[in-house]
Structures are given as C-alpha cells and as structure tokens.
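Asks:
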C-alpha cells in the first residue's frame, strides 16, 4: 500500500508569489489533514477534510491560504500571496475514520 | 485546551546509552498518545501509540507507557544506535467521538554518536 505522498518536496519562492502544494492520501482514506511546522516550533494543525468537505479549518492562518479537495481524492494547499512567515514544512496526513493518522514526507517551503 | 510538553533538545548520547525523552500532556478526557519520529530527510513516521491508561506502546526497541496519574508518556530505549538519530515528537489526539486533530509537542532532536 502506497503511503501519503506530497509534491513538491521543496519549494523556494519570492515574497508575493503563489505556491500550490499537493497531497495524495492513502487510497481509501476519507480523512485528510494539513499541518505546518514553522521555524522548528511545534507542528500545528491547519485543516481537516472528510472526503471533499472541509470539517475544520480553524487552524488556517489567514485568507491567503486556500485548501481544496475536489472529488475527495488529492488535496491542494495554495498560498497567495506568500509572505516570509509562511516558510516552514507543510505536512499532510490521512486516516480512515478515527484511526491513526499517517503522514507524508512534507513540503519544505522557503519564502525569500 | 490540549497541549503537549516535551523536553527540549538536542539530546546527545553515545551508542548503547539509555534514552529517556520526557513528555507530559494536558487534555480533557482520555486522549490517545503517540510518538512520531522524523529521520533526516524523511517525513513523520508513527513510532508507537497507546490508547488508554497503563497501555504500553512499543516498536523498534522503544517503549512508552500511558500514565494518567502523572499525565505522562515518556519515551525510553535501553540501548540507542546511531541510526536512532532523529527528531522525536510526542503527540495526542483527544477523545472527541468524532474527527481527531493531532496536538504535537515541539520535538526533541536526538543525536547518537559512535
């Protein structure tokens, strides 16, 4: 069974540009989560999808962040326009119902 | 709210030394507790978990016991190897009856030297 995959693994952009991160969950996992670790701090929850519906987006920092999961399969997280403080590692995780969450390798975003 | 506190690193040990990484938590009800590990250049991997009081999670020689009375879930290994060098995250999922949002600690970097 393939694990959670994320693309790209690393992205370097300039302030004001747009970046889109992609996550492919484990097949059959309805739950998909986005998390972020900034500057060596704790990993923080951003939002949660159940299939294509947003269940909780209380962790989204501001309206520059937009997450989608069309069709209930893969998800994208767009940052537009990117700011310096958006730099960090963005993790995606998936799970069946209320089972353990399985994490992807993360996307390291650097905003210059 | 829910929170996880773990010892600050980095922790540097010699090979075959005993490892303890302390973790305490604050949560309502009966959370499930986890240790995740991130090896250099890789993503987060589930190391072990425990879902109720007095449960012991174990994997790859690592162990942690869910202690409700002390709200702790300390990670231990009797003899570390160089390959154990990584960042270790303690985490919890609160019992909510519904979806589960993971709350993480800040991570503890472990470096094992030969």
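Protein chains in written order, with our numbering: chain A, 8 to 119; chain B, 854 to 967.
Just so you know, even glycine gets a beta-carbon here, dropped at the ideal spot from N, CA and C.
Determine the burial state of residue 103 of chain A: buried for a count of at least 16 other Cβ atoms within 10 Å of its Cβ, exposed for fewer.
Replies: Under this definition residue 103 of chain A is an exposed residue.
Asks: According to DSSP, residue 47 of chain A sits in a beta bridge with which residue or residues?
Replies: Per DSSP, none; premise fails for residue 47 of chain A.
Asks: Residue 911 of chain B lies in the beta strand (DSSP E); which residues open and close that run?
Replies: 909-912 is the extent of the beta strand (DSSP E) around residue 911 of chain B.
Asks: Taking CB distances under 7 Å as the criterion, tell me whether residue 897 of chain B reaches chain A.
Replies: Residue 897 of chain B counts as touching chain A.
Asks: Comparing the CB of residue 891 of chain B with every heavy atom of the ligand ZN, is any distance shorter than 6 Å?
Replies: What this structure holds is no ligand at all, so the ligand ZN is not there to describe.
Asks: On the DSSP bridge list, what partners appear for residue 38 of chain A?
Replies: Bridge partners of residue 38 of chain A: A:57, A:102.
Asks: For residue 62 of chain A and residue 74 of chain A, I'd like the C-alpha separation in whole angstroms.
Replies: So the two alpha carbons sit approximately 12 Å from each other.
Asks: What residues of chain A sit near residue 957 of chain B, judged by a beta carbon separation below 7 Å?
Replies: What residue 957 of chain B touches in chain A: 49, 50.
Asks: Find the residues of chain A that neighbour residue 942 of chain B, judging by a C-beta separation of less than 7 Å, and give them in chain order.
Replies: By Cβ distance, chain A contributes 50.
Asks: In chain A, which residues lie with their C-beta within 9 Å of the C-beta of residue 902 of chain B?
Replies: The answer, in chain order, is 107.
Asks: Is it true that the CB of residue 83 of chain A sits closer than 7 Å to the CB of residue 43 of chain A?
Replies: No, the pair does not count as a contact, with Cβ atoms beyond the cut-off.
Asks: Do you know how far the Cα of residue 35 of chain A is from the Cα of residue 916 of chain B?
Replies: Using only the alpha carbons, I get a separation of about 30 Å.
Asks: Give me, in chain order, the residues of the same chain whose beta-carbon lies closer than 6 Å to that of residue 25 of chain A; leave out the 5 immediate sequence neighbours on both sides.
Replies: The answer, listed in chain order, is 87.
Asks: Whole angstroms is fine: what's the gap from residue 908 of chain B's alpha carbon to residue 94 of chain A's?
Replies: Looking at the two C-alpha atoms, the distance is approximately 38 Å.
Asks: From the DSSP output, in three-state form, read off residue 1007 of chain B for me.
Replies: Outside the shown range of chain B (854 to 967) lies residue 1007 of chain B, about which nothing can therefore be said.
Asks: Going by C-alpha distance, which of A:17, A:10, A:101, A:108 is nearest residue 887 of chain B?
Replies: Ranking the options by Cα distance to residue 887 of chain B, first place goes to A:108.
Asks: Do residue 11 of chain A and residue 117 of chain A have their beta-carbon atoms positioned less than 7 Å apart in this structure?
Replies: In this structure, residue 11 of chain A does not lie closer than 7 Å to residue 117 of chain A by Cβ.
Asks: Taking the alpha carbon of residue 920 of chain B as the point to measure from, which residue in B:879, B:966, B:912 has its own alpha carbon closest?
Replies: Cα-wise, what sits closest to residue 920 of chain B is B:879.
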